[in-house]
Amino acid sequence: MHAFSESAIRGSFVNASLRERKNLQLPAPIDEIDWERLDYLGWRDPKSPQLGYVVVDLDGEPVGMLTRQAEARPRARAQCSWCEDVQLPNDVVLLSTRRAGAAGRKGDSLGALVCENFECSTNVRRRPTLAYVGFDLEAERERRIAALRERVTLFALRVLEE
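Take a look at the structure:
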């Protein structure tokens, strides 16, 4: 993922009001973020934990999405729809996000089951389970990283659809 400036991140949110963009708190000092190990930037609002922020790199441009966690949690252990990690070390929650533009102003939204604190980039980089003798672990890790990027990108594109 490209490294983005604070102003680029704040200005990237396609489904947030000017006030929401101005008031959002970034996850850490921008220069301390390890951008090379991220497939998207995701964090929770420390003042409002039900709010989350996701920034996706679309062809070198940031696209930010304000998300909201559903109050109800999945009844059974859910699988993250982005990283699809079957050995999740974390909880999965339902996040919804308003669509961009006129569709979002009408109330249209999308939802996804996602790692509660956006741990997907870490999950796909963990050593995969050995499936059989001769299984290429590094190729599987690279496949998982590419699949995560594709799923997050498709989600962002769906938010942007008019």
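Going by our numbering, the sequence shown opens with residue 10, and the numbers climb by one from there. For every residue, glycine included, the Cβ atom is placed at its ideal position computed from N, Cα and C. Owing to the predicted nature of the structure, the values given are computational and were not obtained by experimental measurement.
| request: Grab the span of the alpha helix (DSSP H) containing residue 156 for me, first residue to last. | output: 146-169
| request: Taking only runs that begin and end inside the segment 63-118, name each unbroken alpha helix (DSSP H) of 4 or more residues, in chain order. | output: 110-114
| task | Measure from the alpha carbon of residue 96 to the alpha carbon of each residue in 135, 114 and 112, then state which is nearest. | result | 135
| residue 40 to residue 73 span [Cα, whole Å] | 19 Å
| task | Find out if the Cβ-Cβ distance for the pair residue 23, residue 169 is shorter than 8 Å. | result | Judged by their CB atoms, residue 23 and residue 169 are nearer to each other than the 8 Å cut-off.
| query | What is the DSSP secondary structure of residue 121, reduced to helix, strand or coil? | reply | strand
| field | For residue 20, the first and last residue of its enclosing alpha helix (DSSP H) | value | That run of the alpha helix (DSSP H) goes 15-20.
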